[in-house]
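Protein chains in written order, with the numbering used here: chain A, 1241 to 1594; chain B, 1241 to 1594.
Here you go:
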């Protein structure tokens, strides 16, 4: 979910600036930006009176019928081309959980708790056992997040998908107290940024990864697993970790690090007079990222825009709350600070600028 | 949305019995049934306590937070292979409306009013002007149905879709007073069945249609238009017509005639001791259906299962309300009756059995 705009993915098109890494992976960022602009014109022409678009700069909120203090929050997303790796390796039990957890995190940034989820599975040739494995992953993650799997659609479309291919998307609906929606204006210089660890690429950067690691390498050993297994590592839900942290610390704003990486996702959680300064030495980077950076000779900007580089979710907390926040859940650590920003300065700085 | 099960489409897989017409169109009904059975096992193992699955036999309901008398209703669907015709003819402005109206009708059968919609658009190669035309169709139909277009996702996945291909799916969320959810038990022998006219195939039967009408014929004149235009005729929303009818007649149960046709969709609106008897002479059949039946030499069962054959939506009303119901909206007419059913008899009979 992106603020004031429709999401665009493609493991790439979410990032609004052209990068060499994306271009090399065959995804057109300029086209993505143009599509978003065209979509925004539609919304400008008409939106429903119960949409709460302007609230905190986040889209996707709708006034809960009969309750002026709460809002429904909805988000649609797909797994992206991670599914091509799953299909090639015939590992069907995790992409459903990738999708659900991605969506849970997307609405968690506005503090929403999930209510229900619906999936859309499109296949070239319906293999019931495969479809059931995929949906079982959706169901498992829904259960883990206390989210109903309310429905779904399985579409067999032989003319559109190759026999062994499939696409998987889903929609989550959650609920939030409107007064609990984070306000980026509350963020001030001196606040700390807590990072929650990623376990791998999650659901972004796969067009790039697939351009750098060919399928014939996916069974190669890497970091104690195969490269394919490392690439398929399951996108975690941060819901429980965030709720644990909020019991002990005041959380001012949050960001799910998806397409666009730290560089593009963190700015939405900051007022324009603030910047986020990260110290990369403060968190461990899973080996797959070093491998991708090395193979692609990715620049500083490329790596932190195309990949999450080890941080899956960020939270801005008052400095005095930072130790308690970092101690509230495994793997959480202070990864940076909010500083004053002069006009024209970037909103995200990552040291060292290697 | 189907009762007590996840939906399955593919312009075909929604129909739970193998038919020759489907088989000829390359879609595997048996596989669809097996997938549904496997999905049902997942739901049986765990479902969320706020899911109202058993209510009236319809799935997809979730208790509205903080309001014990209302429920949210959600449904996910795709346009199916109708998009392959749209892509070939480069007509991008109607499939979005097909999708929204299909979803509006799907939740209308439980009497829900739409709240909001989210779309999922997946493309091989992102062409912003094309994507914007597709989403403009979504936006237009949302506005026409007073439904917020709350968000969406556009995914560019060159490895999964051919450059000129796309897939379009969406999720609708609506709200209903739980006491207004139709109860099929209220339907009794002697009730009348009102039919609302279809304008064409709507969003089902396209695998079959494409097997019978090759792309090189889509520009051929047919019934004052081209065959392609006839095939792309926009799936209408029945929301306004149904609400108009409910002002003057008691509506006991309703059915959206999608994949499976009259034969598979109407039974869900009936108790097991009742059958629906249709008189085909009572409604006009758009010429495209006769053309498809002739070309495919479709049997009685095939035509009424793969195609809507001119009826897009049915409503069961008390006999004494039938004239008022039929007079409440253009095109509505009495198309059949509910009769007592003996065990073993079919639940839908269509005369004449040509």
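The beta-carbon is built from N, C-alpha and C at its ideal position, and this holds for glycine as well.
Here residue 1498 of chain A really is in contact with residue 1443 of chain A; their C-beta atoms are around 7 Å apart, less than 8 Å. The C-beta distance from residue 1350 of chain B to residue 1413 of chain B rounds to 13 Å, too long to meet the 8 Å contact threshold. Neighbours of residue 1419 of chain A in chain B, taken as residues at a C-beta separation under 8 Å, are lacking, since the least C-beta distance is about 15 Å.
Relative to the Cα of residue 1548 of chain B, the nearest Cα in the group B/1519, B/1381, B/1500 belongs to B/1500. By the Cβ-count criterion, residue 1493 of chain A is buried, with 16 or more other Cβ atoms from all chains shown falling within 10 Å of its own Cβ.
Annotation: Cβ neighbours of residue 1355 of chain B in chain A (cutoff 8 Å, chain order): 1290, 1302, 1305, 1312. For secondary structure counted as the beta strand (DSSP E) over 3 or more consecutive residues, the region 1342-1386 of chain A holds these complete runs in sequence order: 1353-1363. Residue range 1310-1318 is occupied by the beta strand (DSSP E) that includes residue 1310 of chain A.
Residue 1579 of chain B: member of the beta strand (DSSP E) spanning 1573-1580, first to last residue. The bridge partners DSSP lists for residue 1518 of chain B are B/1576, B/1590. Distance between residue 1512 of chain B and residue 1429 of chain B, taken at the CA atoms: about 11 Å. Here residue 1291 of chain B is buried. Its C-beta has 16 or more other C-beta atoms within 10 Å. Spatial neighbours of residue 1335 of chain B in its own chain (CB-CB distance under 7 Å, excluding positions within 5 residues in sequence) are listed in chain order as 1319, 1322, 1323, 1326, 1374, 1377, 1408. Proximity of chain A to residue 1286 of chain B at the Cβ level (cut-off 8 Å) is accounted for by 1379, 1383, in chain order. According to the DSSP assignment, residue 1392 of chain B belongs to no alpha helix (DSSP H) but to the beta strand (DSSP E) extending over 1388-1396. Across the region 1490-1505 of chain B, no CB contact with chain A closer than 8 Å is found for any residue.
Annotated three-state conformation of residue 1556 of chain B is strand, per DSSP. Per DSSP, residue 1485 of chain A is one residue of the alpha helix (DSSP H) stretching across 1479-1486. Using a Cβ-Cβ cut-off of 7 Å, residue 1466 of chain A is close to nothing in chain B; its nearest Cβ partner there is about 20 Å away. Look at residue 1506 of chain B here: in three-state DSSP terms it is helix.
Of all residues in the region 1343-1354 of chain B, none is placed with a Cβ closer than 7 Å to any Cβ belonging to chain A. Within the region 1391-1424 of chain B, the residues whose Cβ lies closer than 9 Å to some Cβ of chain A are 1391, 1392, 1393, 1394, 1395, 1396, 1397, 1398, 1399, 1400, 1401, 1402, 1405, 1406, 1407, 1409, 1410, 1411, 1413, 1415, listed in chain order. Under DSSP, the beta-bridge partners assigned to residue 1433 of chain B are B/1556, B/1576.
For residue 1480 of chain B, not one C-beta of chain A is nearer than 8 Å to its own C-beta. Judged by their CB atoms, residue 1410 of chain A and residue 1339 of chain A are nearer to each other than the 8 Å cut-off. Under the Cβ distance rule, residue 1368 of chain B counts among the residues neighbouring chain A, one pair being separated by less than 8 Å. Under the 8 Å criterion on CB atoms, residue 1334 of chain B is classed as non-interfacial with respect to chain A. In the DSSP assignment, residue 1283 of chain B falls within the alpha helix (DSSP H) that extends over 1269-1285. When 7 Å is used as the limit between beta carbons, residue 1315 of chain A is near these residues of chain B: 1391, in chain order. Counted as a single uninterrupted DSSP element, the alpha helix (DSSP H) harbouring residue 1467 of chain B occupies residues 1467-1471. Cβ-Cβ separation between residue 1481 of chain A and residue 1569 of chain A: approximately 4 Å, consistent with a contact (criterion under 8 Å). A direct Cα-Cα distance of roughly 38 Å separates residue 1516 of chain A from residue 1406 of chain B.
Identification of chain A residues near residue 1547 of chain B by a Cβ-Cβ cut-off of 7 Å yields none; the smallest Cβ-Cβ distance measures about 18 Å.
Take the alpha-carbon of residue 1361 of chain A and the one of residue 1581 of chain A: they are about 44 Å apart. Chain A places no beta carbon closer than 8 Å to that of residue 1452 of chain B, leaving this residue out of the contacts. When Cβ-Cβ separations below 8 Å define contact, residue 1318 of chain A makes contact with chain B.
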